[in-house]
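Only one structure is covered here, and it is reproduced in the block below.
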Amino acid sequence: MKPCEKCHVVVFFPSSALPGQTQFTVMAAKATQHSVQVLRAWQSALPIPPAHRRPIVSSLIWSLSSPSASPPYLKPTPWPTPALSQVAKRGMATLSKAKNFKTQESEDESLARFHRAVRDESESTIDMWSLPLETLDVHIPSFPARVKNATLGDHLALLRDNFLNFLKNISSMRRLAQENAFPGRETFSARSFQIFQTKSTKDDAWVAPLRGIILENYKRLNNAIADGDSKTIASLTTW
């Protein structure tokens, strides 16, 4: 117990205080200016952590002031906080840099989109023949099954695939004839035995002009590869 006869402020230090800590109670019978001075002196004398000194002393000073005074939690703290202002300045600077970076990034993205649009107009970016569509599958008919230790099931599966490929060829030929889509041929009706001649090498077959176009493109592609003509290669392929 430490009394102050001048302002009747008494501070009690209970024996139950934990090691390294100081529990105290302030009792004041009279609030004077000297009371405030005493409490400020105790701020540096008492072993109170620095982070807790100002709130504790502020509450004690308010308790000794007049009853009409506003509580400390309704008033801004009288102690300046330069650390917070510094953090605010750094935060504003960071936001400004981020805003400028975002603007620059958006301009770069817009420029990249423009280049992609120009490139897409002159070059195809999708190879339709590489899509896993059922109508674009390729099967070369063969028999027997050319696998090691082929079983009866392997041979039967190969026969099934050959038959399905035959039906798909008929369906494709009939559809092309209905749309009159064979180059160099006028197909007025799909009811013809030509729909069964997908592999025909005759000159009067529906696929004869198409076979000639494929052969011509094959020759051009190989000549372009030999000459290093990238433009011709790009026009004949999706590379």
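The sequence shown lines up with residues 12 to 250 when you count with this note's numbering.
Positions of the beta carbon are idealized from the N, C-alpha and C atoms, including for glycine.
Predicted model, so just to flag it, every value in this text is computed and none were measured.
Distance between residue 224 and residue 118, taken at the CA atoms: about 46 Å.
With contacts defined as CB atoms closer than 8 Å, residue 168 and residue 188 fail to qualify as a contacting pair. Using a Cβ distance threshold of 8 Å, residue 177 and residue 221 do not count as a contacting pair.
In this chain, the alpha helix (DSSP H) harbouring residue 174 covers 163-189. Taken atom to atom, the span from the alpha-carbon of residue 130 to that of residue 165 is near 47 Å.
When only Cα atoms are considered, residue 208 and residue 218 end up about 8 Å apart. Rounded to whole angstroms, the separation of the alpha carbons of residue 179 and residue 155 is 21 Å. In this structure, residue 235 lies near residue 244, with their beta-carbon atoms less than 8 Å apart. The three-state reading of DSSP puts residue 158 in coil, since its state is none of H, G, I, E or B. Straight-line spacing of the CA atoms in residue 226 and residue 195 works out to 15 Å.
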